[in-house]
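See below for the structure under consideration.
Numbering (our numbering), first residue to last: 95 to 461.
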């Protein structure tokens, strides 16, 4: 059947594709990924920047938009929404067949709004209104302001992918926002139409923690390289299991509410000395998603391991985190740094693609 399909059928984890290009939809490549076992898709401003800057797939539509007087930022969003719409249509059969569990496509609000709660809410509402599909996730960063926006948006009945989660404390706040949002819904509202994932970032944590461990340089420090991200994610899963249990959750579940699944993001290995499927093989378990770049999907489908690993040794995961703390590694500080870098990187990509589209528009206007 193939490892991607086995991953879901045997272990309850959904493999998603963390990439999108217009040419993949017109060529049939995205459909081939779906046939191979991909059950959803994530995008972000960096993905769209690369697609629009590196290819000419968007030039014809951009020409039409520019000639009609559309502004550059509005043109960007029309191009993005066009791609998202095609991907949503291709994944709609997965969504329907899974009863709304999978088949989602994520589109992110402007990264410039990451620290503006109300502007994020308004942007998310507008994207949701324009796309108007049952399998769209509006992607909102888990900044402090973003978490507040998420509670509002869930309370309005919108499906949300919460992105840029780097710490256990922020993850706890995200789950609380989801539960509080569901509880704010009217008693007669059907919560089963609301879906959410919490995107917990993996490899970037190891990059930064390993850098700090290398700076310490002791044998104890060097022995913990490549372990922080996996351990933290495994503890996040433990927190997920405990949060979505008990009286509070059962009251919502009886009304039809869905759990907010953890989604492992940034799961390609950045250190070439680590196995290419490290952040897949070690994070497998039910009610989870792993969104993978295409190269990592290929690697896992070729030689990944199908086994439940996410909660195989929670005690060892705790020992790793405690070992880091003993060495003076402040994981909250790591998380704040990575959050700031993530927001900045997405904003930079957003600005770069607008600059590129503006240059192309000038060429179009001069023709």
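By construction, the Cβ of each residue, glycine as well, lies at the ideal position given by its N, Cα and C atoms.
The beta carbon of residue 213 sits closer than 7 angstroms to those of 207, all from its chain and outside the five residues before and after it, given in chain order. With a cut-off of 8 angstroms on Cβ pairs, the stretch 352-364 is in contact with the stretch 381-391, counting three or more such pairs. Contact check for residue 131 against residue 110 fails: the beta carbons are separated by 8 angstroms or more. Sixteen is the threshold: since fewer than 16 other Cβ atoms of the shown chains lie within 10 Å of the Cβ of residue 158, the residue is exposed.
Under the DSSP assignment, residue 321 falls outside any alpha helix (DSSP H); it carries neither an H nor an E label. In the structure shown, residue 356 adopts extended strand secondary structure according to DSSP, grouped into three states. In the structure shown, residue 158 falls within a helical segment according to DSSP collapsed to helix, strand and coil. The stretch 289-307 makes contact with the stretch 251-263: 3 or more CB pairs, one atom from each, lie closer than 8 angstroms. Pairwise C-beta distances place the stretch 112-123 in contact with the stretch 163-181, as three or more of them are shorter than 8 angstroms. Judged by pairs of C-beta atoms under 8 angstroms, the stretch 408-422 touches the stretch 307-327, as three or more such pairs exist. Under the DSSP assignment, residue 109 falls in the beta strand (DSSP E) whose first and last residues are 107-111.
Between the stretch 266-274 and the stretch 241-251, the count of Cβ pairs shorter than 8 angstroms is three or higher; the stretches touch.
Residue 187 sits exposed, since fewer than 16 C-beta atoms from the chains shown fall within 10 Å of its C-beta. The beta-carbon distance between residue 386 and residue 324, rounded to whole angstroms, is 15 angstroms. This is too long to meet the 8 angstroms contact definition. Contact annotation: residue 415 and residue 329 have beta-carbon atoms nearer than 8 angstroms. Collapsing the DSSP output to three states places residue 416 in a helix.
In this structure residue 453 is exposed. Its beta-carbon is surrounded by fewer than 16 other beta-carbon atoms within 10 angstroms. Under the DSSP definition of a beta bridge, residue 257 partners with 235.
Annotation note: the stretch 339-392 contains the following uninterrupted beta strand (DSSP E) runs of length 3 or greater, listed N- to C-terminal: 355-359, 382-386.
A direct Cα-to-Cα measurement between residue 241 and residue 278 gives close to 15 angstroms. In the structure shown, residue 262 adopts helical secondary structure according to DSSP, grouped into three states. Sequence-distant partners of residue 184 (beyond 5 residues in either direction) whose C-beta falls short of 7 angstroms from its own C-beta, in its chain, are 119, 124, 125, 128. For residue 394 and residue 436, the gap between their C-alpha atoms comes out near 26 angstroms.
Beta-bridge partners assigned by DSSP to residue 410: none are found. No Cβ-Cβ contact shorter than 8 angstroms links residue 156 with residue 295. Taking 8 angstroms as the cut-off, the beta carbon of residue 350 is found no closer than this to the beta carbon of residue 280. Residue 262 and residue 339 have their alpha carbons spaced roughly 18 angstroms apart. Under DSSP, residue 294 takes part in a beta bridge, and its partners are 259, 358.
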